[in-house]
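Beneath this line is the structure, given in structure tokens, with notes to follow.
2 protein chains.
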Amino acid sequence: MAVNLHIPAQEDIFGVPGIEIGVTEAGVRKANRRDLTVFRLAEGTSVAGVFTLNRFCAAPVQVCQAHLAQAGNGIRALVINTGNANAGTGEPGLAAANATCDAVAKLLDIAPAQVLPFSTGVILEPLPVDRIVAALPKAVAALGPNQWFEAAHGIMTTDTLPKVVSRKVQLGGKDVTFTGISKGAGMIRPNMATMLGFLGTDAGIAPALLKELAREVADNSFNRITIDGDTSTNDSFIIAATGKSGLQVNDRAHADFAALRQALVDVAAELAQLIVRDAEGATKFITVKVEGAGSTEEALKVAYAIGHSPLVKTAFFASDPNLGRILAAIGYAGIADLDVGGVNMWLDDVWVAKNGGRNPDYQEADGQRVMKQPEILVRIDLGRGNVTDTVYTCDFSHEYVSINADYRS
Amino acid sequence: MAVNLHIPAQEDIFGVPGIEIGVTEAGVRKANRRDLTVFRLAEGTSVAGVFTLNRFCAAPVQVCQAHLAQAGNGIRALVINTGNANAGTGEPGLAAANATCDAVAKLLDIAPAQVLPFSTGVILEPLPVDRIVAALPKAVAALGPNQWFEAAHGIMTTDTLPKVVSRKVQLGGKDVTFTGISKGAGMIRPNMATMLGFLGTDAGIAPALLKELAREVADNSFNRITIDGDTSTNDSFIIAATGKSGLQVNDRAHADFAALRQALVDVAAELAQLIVRDAEGATKFITVKVEGAGSTEEALKVAYAIGHSPLVKTAFFASDPNLGRILAAIGYAGIADLDVGGVNMWLDDVWVAKNGGRNPDYQEADGQRVMKQPEILVRIDLGRGNVTDTVYTCDFSHEYVSINADYRS
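Heads up: the sequence lines are chains A and B, in that order.
So that you can map any letter, position 316 of the first sequence is 319 in this note's numbering, and since no number is skipped, the others follow by simple counting.
So that you can map any letter, position 69 of the second sequence is 72 in this note's numbering, and since no number is skipped, the others follow by simple counting.
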């Protein structure tokens with residue numbers, strides 16, 4: 004049921020010089036499924052990441068944070084399994100994540116702290132670490148220069164399609180590559196990042212700057228989507244910059260900084276939106292744009308209230324312009340002094356609510372026309388200030404219930 | 004699909020001396036449906052209410068607040084329509100609510116400010132006030148001493164069954180009656196009150212005390228339930244105390260105050276829980292009890308995060324003990340310094356999570372057994388303090404999606 008989600012052709016996916024990827028089957032949860040992925044990063048690659056703020060953050064997230072703090076610039080490998088989140092697993096979970104790093108390190112002749120581990124799948128079940136360790140030599144043997152598509156497959160859970168975005172951009176006279184992958188498709192309300200996004204580039208970016216950029220890029224991409232409001236235990240977004248293009252950007256004063264930042268944001272935003280397009284059971288892709296807010300916090304409160312309302316989401320599923328539900332969500336979003344008389348709402352080009360009430364010129368047929376589209380823009384003007392922000396979400400269907408009632412089966 | 008919701012027999016519903024009720028058909032939205040209810044309250048009745056905090060609060064809510072402020076102790080009538088919420092309707096909506104009060108006042112020979120209006124149904128559509136005004140004489144003609152059951156019918160929207168709770172309690176040597184009605188069954192996450200609860204008693208309660216009690220009773224009943232997290236535009240909870248029993252309580256020092264308060268809380272809590280039992284599409288009644296919290300706010304953050312998670316709710320629907328989803332919800336509930344190592348979780352008597360991880364003794368078969376029950380207790384110990392609080396909610400089914408995709412059809 005993915006909404007306008009197109010997979011690029013293999014020739015449109017550019018390998019990133021300095022990054023090799025290998026994918027294999029480890030039988031983590033199901034047989035005959037590519038579920039184990041290894042990234043090898045060239046020496047000198049800068050790596051930065053942002054991670055979930057969920058207090059029950061998974062064991063691999065804790066290990067990632069420790070290794071990034073220890074190894075700093077020296078991260079040389081990523082290892083990712085699907086089928087099991089290794090979350091809610093306590094000390095044995097940490098031991099399993101560390102054992103995975105140890106095994107990768109031995110195979111690649113690096114230190115365990117140079118490996119970042121990632122897991123996705125069911126929570127509260129022990130990670131079958133022996134099966135992962137046993138399959139790692141196959142993943143390492145499969146390492147090759149452009150296996151992004153295979154990796155996008157290898158990290159899927161309830162995703163129906165693999166998610167890859169790839170661009171080449173001329174920066175500072177160099178051809179610079181940006182390629183990334185992501186996965187959803189439920190428990191998605193990233194708070195700092197999403198499970199899982201990986202973005203590689205052969206631009207060179209100084210580690211301190213990349214650390215700042217990882218946060219900024221996440222805030223403009225993964226931190227602006229929601230499927231079900233459930234912030235995952237495993238959200239992780241990683242940028243790896245190998246420097247192999249010859250472009251090296253060390254600070255914001257660099258002539259190519261703005262274009263580089265924009266390229267990273269563009270690729271990450273597209274990866275994030277692909278998650279929404281492939282959201283569990285989604286039939287509609289909804290853009291919620293809040294204008295006239297007094298602050299970013301206000302804009303996001305309203306956008307997320309709309310994006311999380313089961314009543315709003317089921318109305319979209321039904322193509323029913325029951326738009327009072329959107330007003331109700333604005334009203335309970337938590338802006339205590341909101342003057343509803345200043346609120347206006349449009350559905351694409353249709354002006355639905357005017358100064359807090361139904362626009363006298365609004366015709367239900369016009370609302371109906373827009374609601375039937377697969378892509379819909381909800382635009383709100385709060386009439387309080389100059390801040391605009393946008394969140395991407397989806398509808399709520401029978402299929403969502405089916406998928407999440409059956410997920411472990 | 005109501006969960007263990009039993010309608011009392013007519014002989015178990017006690018009329019409240021001093022309160023007459025009349026119900027009729029006005030054709031607000033559908034023909035042949037009792038959709039208009041009038042309460043007449045005896046002179047001297049104390050009335051207090053609490054209302055939604057939704058900033059898009061409906062026109063009748065605004066009028067209720069104004070009339071309670073003006074008329075104080077002198078409220079003599081309530082008028083309630085279903086089929087249309089008169090919310091998001093701007094100035095014409097206020098005019099319609101006022102016109103309804105005017106018409107009731109004329110028929111009952113009282114002032115318009117002595118009437119409280121209530122509406123429930125679809126938002127953002129004009130109230131067909133002419134049809135309501137035309138039908139009011141029939142409702143007034145139907146006024147009788149014990150029509151609570153008919154009124155419970157007359158305020159239903161997507162409710163499958165009418166909700167009435169009635170008790171007689173010996174207080175101060177008097178037989179005191181408490182009878183109330185409520186309705187749900189979607190857009191339910193009361194923030195101060197719910198749409199709609201009415202509780203009548205023939206106890207006499209001083210107006211100032213009743214005002215305090217309305218808030219306290221709501222906080223211990225309607226403000227502890229959630230169905231879909233959508234706080235309605237129309238939530239209203241009203242207590243009317245006629246004094247006809249001869250018992251008169253004017254302050255908290257009265258010998259019968261504690262028992263009176265408890266009787267009000269008991270009836271209101273049962274009315275609130277009936278809404279959850281008849282929640283849209285519900286197949287399970289879930290009690291979420293959070294112990295060991297540092298504050299009420301913390302306990303409620305955790306309880307509502309669990310109660311609102313679509314992933315948790317679909318797992319209950321499926322009877323699937325995918326209980327890591329509950330840990331994830333605890334983790335993102337917003338307690339920034341939560342030490343997950345102190346968290347324990349039980350499903351009824353089954354100890355699932357121990358010190359932040361899977362209890363080594365937990366057997367999936369035990370979780371499965373509890374998940375299959377129609378009533379389930381989720382008990383969390385946060386290990387942070389001594390505060391306990393409880394929220395009541397339900398599962399999330401295909402039927403919820405169907406109902407809310409079709410609600411206006």
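The beta carbon of each residue, even a glycine, is placed where N, CA and C say it ideally should be.
Interface residues of chain B facing residue i [CB-CB closer than 8 Å]
i        : result
A/Ser312 : Asp231, Gly232, Asp233
A/Leu341 : Arg58
Any chain A beta carbon closer than 7 Å to residue i
i        : result
B/Tyr307 : no
B/Val93  : Checking the displayed sequence, the identity of residue 93 of chain B turns out to be Gly instead of Val. Closer than 7 Å to some Cβ of chain A, the Cβ of B/Gly93 qualifies, so yes.
B/Arg43  : no
B/Arg361 : yes
B/Gln13  : no
Pairwise C-alpha distance: residue j and residue i
i        : j        : result
A/Gly86  : A/Leu341 : 45 Å
A/Asp369 : A/Met190 : 33 Å
B/Leu164 : B/Ala106 : 30 Å
B/His257 : B/Val179 : 16 Å
A/Val31  : A/Asp38  : 7 Å
B/Leu277 : B/Ala12  : 16 Å
B/Ser412 : B/Val394 : With a pLDDT of only 49 at B/Ser412, under 50, the local geometry of the prediction cannot be trusted, and no value is derived from it.
B/Asn35  : B/Ala29  : 9 Å
B/Pro63  : A/Thr92  : 51 Å
A/Gly207 : B/Asn325 : 43 Å
A/Phe121 : A/Val41  : 10 Å
A/Tyr365 : A/Ala356 : 8 Å
A/Leu199 : A/Phe260 : 25 Å
B/Leu119 : A/Glu402 : 43 Å
A/Leu202 : A/Glu153 : 15 Å
B/Cys67  : B/Leu212 : 19 Å
B/Pro377 : B/Val291 : 14 Å
A/Gly2   : A/Lys214 : Since the first residue of chain A shown is 4 and the last is 412, residue 2 of chain A is not available in this structure.
B/Phe225 : A/Ala138 : 54 Å
A/Cys104 : A/Ile135 : 11 Å
B/Leu111 : B/Ser400 : 45 Å
B/Lys177 : B/Leu250 : 6 Å
A/Gly297 : A/Ala339 : 13 Å
7 Å Cβ cutoff, residue i in contact with chain B
i        : result
A/Val61  : In the sequence as presented, Val is not what sits at residue 61 of chain A; that position holds Ala. No, because no Cβ of chain B sits closer than 7 Å to the Cβ of A/Ala61.
A/Asn84  : no
A/Ala321 : yes
Per-residue burial, residue i [other beta carbons within 10 Å of its own, 16 or more giving buried]
i        : result
A/Thr236 : buried
A/Arg43  : buried
B/Lys316 : buried
B/Ala408 : buried
A/Asp392 : buried
B/Lys375 : exposed
A/His311 : buried
A/Asn7   : exposed
Contact list for residue i against chain A, beta-carbon separation under 8 Å
i        : result
B/Ser400 : Val404
B/Asn358 : Gly93
B/Met190 : Leu314, Arg328, Ala331
B/Ile338 : Arg58
B/Gly96  : Gly360
Within chain A, the residues that residue i reaches when beta carbons sit closer than 7 Å
i        : result
B/Thr163 : Within chain A, no residue comes near B/Thr163; the closest Cβ sits about 18 Å away, beyond 7 Å.
B/Thr236 : Ala331, Gly334
Proximal chain A residues relative to residue i, where beta-carbon distance stays under 9 Å
i        : result
B/Asn194 : Tyr335
B/Ala90  : Gly327, Leu330, Ala331, Gly334
Decide if the region 238 to 250 of chain B is in contact with the region 43 to 57 of chain B; the criterion is three or more beta carbon pairs, one per stretch, under 8 Å apart.
As far as the Cβ criterion goes, the region 238 to 250 of chain B touches the region 43 to 57 of chain B, which means the pair count is three or higher.
Cβ pair count under 8 Å reaching 3, the region 344 to 353 of chain A against the region 381 to 390 of chain A
Judged by pairs of C-beta atoms under 8 Å, the region 344 to 353 of chain A touches the region 381 to 390 of chain A, as three or more such pairs exist.
Just checking, does the region 275 to 293 of chain A make contact with the region 225 to 235 of chain A on the three C-beta pairs under 8 Å criterion?
Yes, they touch.
Pairs of beta-carbons, one from the region 138 to 146 of chain A and one from the region 18 to 26 of chain A, closer than 8 Å: are there three or more?
A contact exists between the region 138 to 146 of chain A and the region 18 to 26 of chain A.
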